[in-house]
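Trainee: Quick one: this structure, given as structure tokens, is what I'll be asking you about.
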Amino acid sequence: MSMKNGDDRDSGDNGDNRNVKDTVNIGIIGYGVVGSSVVETIRTNGDAIYSKTGIHINIVAIARKDTSKGAHAGDIPITSDVDSIISNPDIDIIVELVGGGTTAKEIILKAIAGGKHVVTANKALLATHGREIFNATKAAGVELGFEASVGGGIPLINTIKESLVANNITEIAAVINGTSNYILSQMSTSNESYDVSLKKAQDLGYAEADPTFDVEGVDSAHKITILASIAFGAWVDYGKVHTEGITRISAVDIAFAKEQLHHTIKLLAIAKRDEEGSTEVHVHPTLVPNRYILSSVSDAFNAATIKTDKAGTTIYFGRGAGGQPTSSAVVADISAIARNICYGGVGRVSPFGFITERDYRFKGIEETISSFYLRFNVTDASGVLSAISGVLAKHDISIKCAFQRPDPQAAEGVMPLIFLTYSTSGQQIKSAVAEIGKLDIIHSEAVVIRVME
């Protein structure tokens, strides 16, 4: 398919400062849900793109591993030969949509080394190898677009790099995994268990057969690594990002948060940078006050709040996954790079958002300060409350309130005992919970959830 056939032509003296090209050729590698949606978006909205950019986006070829389903998509040839697309001298932009690690990295680095601009939606790859890829991009003098790697159709990446360029960003808090958010929403609104809500998410296609990356927070950790790195100008080591999932959240926690505290439990990805440059990045369930907009993000939607020194707090909301929202972000990157090619603006914005990387000190989760929700399943007997309170006091943890709440799912003679603490460090909580866990009155591992202030 071609939105415009024919060779590049000189646009003439039309006063728009355009280079000789008004057609940009792309090759797509990966033709799954997102790849096919990108083709469909360019096919149906190509005229709209041209009316806004003055540029025709021409898909030269598509590569996918299995070509048994056909050798063409409309009039676009499909091949299994990835190298033929990367080495094609007529192709300006390589769109990598295969996902995964090793193969995608090889494709991207080979394309960059060959002088091709690259667009990718590969969050896992950028979170783990972003510095290497960004450095290769800078050295080769090409462009890298990765808007679709975080937030689907929500424009977070370019907002941080361009729209908020006049600001120092101090904090990002985001619900950026639709699967986990759907499960928690179902548990809250339908009073369903985790297992029932997960099964429903799988039936609807929101969760994979193996949902580990989503429900254990890995996907969110990949995304917040990218956001924190470009927001703070200091590449975050993904391996240091503290990550907790939602698998231990129960109906008791959901109901207590909602009914007693007027909070909602969300899987939050959080990044903060203080005035001294210390940076913290972590992913975990969080009790969010219902007066905050992040508490109301339901089902498979995503949202993010970004705190800045000049613009204050800005809020972004939308569909964070799916073929069409993700294709919107991919095609936006293609169009932005096409503009830079045709109007002589390549290199106008660093892919990292900063010209040079800034120094920082990374704060571990034990150093972070928060209020905490603690649930212990304890023997229903006298003296239990004082025993646990005594350990918390020993570790200088002040108790805001304590509750006993019946749990129909608990074993006979076992009662959930819930504490809310005042602000304290993660290390104090970790040490206290470890000591409490050795008491004979404890029947299972404690549930520890941070509370958004």
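Sequence positions in the sequence shown follow the numbering used here and run 793 to 1245. Every residue, glycine too, gets a C-beta built ideally from N, C-alpha and C.
(1) For His1074, which beta-bridge partners are listed by DSSP?
(2) What's the C-alpha gap between Gly1139 and Ala1121?
(3) Buried or exposed for Asp987, please, with buried defined as at least 16 other CB atoms from any protein chain shown within 10 angstroms of its CB.
(4) Does Gly1069 pass the burial test, meaning 16 or more other C-beta atoms within 10 Å, or should it be called exposed?
(5) What residues in its chain sit with their C-beta under 8 Å from that of Val1089, if we drop five residues either side in the sequence?
(6) Is the distance from the Cβ of Phe1146 to the Cβ of Lys930 below 9 Å?
(7) Return the bridge partner residues of Val910 from the DSSP annotation.
(8) Which partner residues does Val816 have in the DSSP bridge list?
(9) Can you give me the Cβ contacts of Asp1011 inside the same chain, cut-off strictly under 7 Å, excluding the 5 residues immediately before and after it?
(10) Taking contact to mean at least 3 C-beta pairs separated by less than 8 Å, is the stretch 950-962 in contact with the stretch 913-931?
(11) According to DSSP, simplified to helix, strand and coil, what is Val1239?
(12) Evaluate contact between the stretch 813-820 and the stretch 837-857, counting only Cβ atoms and requiring at least three cross-stretch pairs below 8 Å.
(13) Applying the 10 Å Cβ sphere with the 16-neighbour rule, what's the burial state of Glu888?
(14) Given a threshold of 16 other Cβ atoms within 10 Å of its Cβ, counted over all protein chains shown, does Lys1050 qualify as buried or as exposed?
(15) Between Glu1072, Pro1081, Ser985, Arg1083, which has its C-alpha nearest Thr1039's C-alpha?
(16) Between the C-alpha atoms of Ala1103 and Leu1086, what's the straight-line distance to the nearest angstrom?
(17) Just reading off the alpha helix (DSSP H) that His958 is part of, what are its end residues?
(18) Within 10 angstroms of its Cβ, does Ile885 collect 16 or more other Cβ (buried), or is it exposed?
(19) Give the straight-line distance between the Cα atoms of Tyr998 and Met979, rounded to the nearest whole angstrom.
(20) What does a CB cutoff of less than 6 Å around Ile1062 pick up in its chain, not counting 5 residues either side in sequence?
(21) Which stretch, first to last residue, makes up the beta strand (DSSP E) that contains Gln1196?
(22) If I follow the unbroken alpha helix (DSSP H) through Ile899, where does it start and stop?
(23) Does the stretch 1012-1020 touch the stretch 906-924, meaning 3 or more C-beta pairs lie closer than 8 Å?
(24) Grouping DSSP H, G and I as helix and E and B as strand, with all else coil, what is Pro1117?
(25) Got a sec? Which residues, its chain only, sit under 6 Å from His1054 by beta carbon, not counting five neighbours each side?
(26) In whole angstroms, give me the CA-to-CA distance for Asp1232 and Thr1097.
(27) For Ile1228, which residues from the same chain have a beta carbon less than 6 Å from its beta carbon, with the 5 sequence-adjacent residues on both sides left out?
(28) In terms of residues, what are the limits of the alpha helix (DSSP H) holding Thr1106?
(29) Applying the 10 Å Cβ sphere with the 16-neighbour rule, what's the burial state of Ala863?
(30) Could you check the C-alpha separation between Arg1065 and Lys1032 for me, to the nearest Å?
(31) Can you tell me which residues form a DSSP beta bridge with Phe1154?
(32) Verify whether the separation of the beta carbon atoms of Ile1189 and Thr1216 is less than 9 Å.
(33) For a test of the three-state rule: what should DSSP assign to Val1080, helix, strand or coil?
(34) Please say whether Ser1178 and Tyr1214 have beta carbons closer to each other than 9 Å?
(35) Counting C-beta neighbours from all protein chains within 10 Å, is the total for Gly807 16 or more, i.e. buried, or is it exposed?
(36) Hey, out of Thr1106, Thr895, Ala932, Ile1126, whose CA is closest to Val911's CA?
Mentor: In brief:
(1) His1034, Ile1062
(2) 20 Å
(3) exposed
(4) exposed
(5) Val967, Asn973, Lys1058, Ala1095, Phe1109
(6) no
(7) Ile886, Leu936
(8) Ile849
(9) Asn969, Phe1005
(10) no
(11) strand
(12) yes
(13) buried
(14) buried
(15) Ser985
(16) 19 Å
(17) What sits at residue 958 in the sequence shown is Ala, not His. Run containing Ala958: none; DSSP gives neither H nor E here.
(18) buried
(19) 15 Å
(20) Ala965, His1074
(21) 1191-1196
(22) 894-905
(23) yes
(24) helix
(25) Asn1082
(26) 43 Å
(27) Ile1180, Val1183
(28) Counting along the chain, Thr1106 falls outside any alpha helix (DSSP H), though it belongs to the beta strand (DSSP E) covering 1105-1111.
(29) exposed
(30) 15 Å
(31) Thr1071
(32) yes
(33) strand
(34) no
(35) Annotation note: pLDDT 47 at Gly807 (below 50); position unreliable, coordinate value reported separately. Burial call: exposed.
(36) Ile1126
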